[in-house]
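Below is one structure, written out as structure tokens; comments come after it.
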């Protein structure tokens, strides 16, 4: 930056143009090219960052949707499991009543 500030531009008589040393011109030209290249690179990187952020947002939305879907399945699964357990309990109760009835019948009939 200091070397750029040291560049002296001399006015050309009867013109709005200025003259600089060849070495200074080459340095300015090189720096300008590097600046343009850096700007293009930064622009590409910013586009990539923007695309990545958009992808992240889309993936977060999809994750939330899938979490909700899993929650729905778990809810249905727990309801089905509860119904299954209730059916098993009912079957056990019925089997228990039948066994008790057989025992009662045997004792009434005097069988062992």
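In the numbering used here, the protein residues as written are 288 to 399.
Backbone N, C-alpha and C define an ideal beta-carbon position, used for all residues, glycine too.
On a predicted model such as this, the values are computed, not experimentally measured, just so you know.
Starting from residue i, trace the alpha helix (DSSP H) in both directions and tell me its first and last residue.
i, result
"residue 395", "309 to 396"
"residue 290", "289 to 292"
If the criterion is Cβ atoms closer than 7 Å, does the pair residue i and residue j meet it?
i, j, result
"residue 296", "residue 305", "yes"
"residue 294", "residue 311", "yes"
Return helix, strand or coil for residue i, following the three-state DSSP convention.
i, result
"residue 298", "strand"
Note down, in chain order, each residue of its chain lying with its Cβ closer than 8 Å to the Cβ of residue i, except the 5 sequence neighbours on either side.
i, result
"residue 307", "294, 295, 296, 297 and 315"
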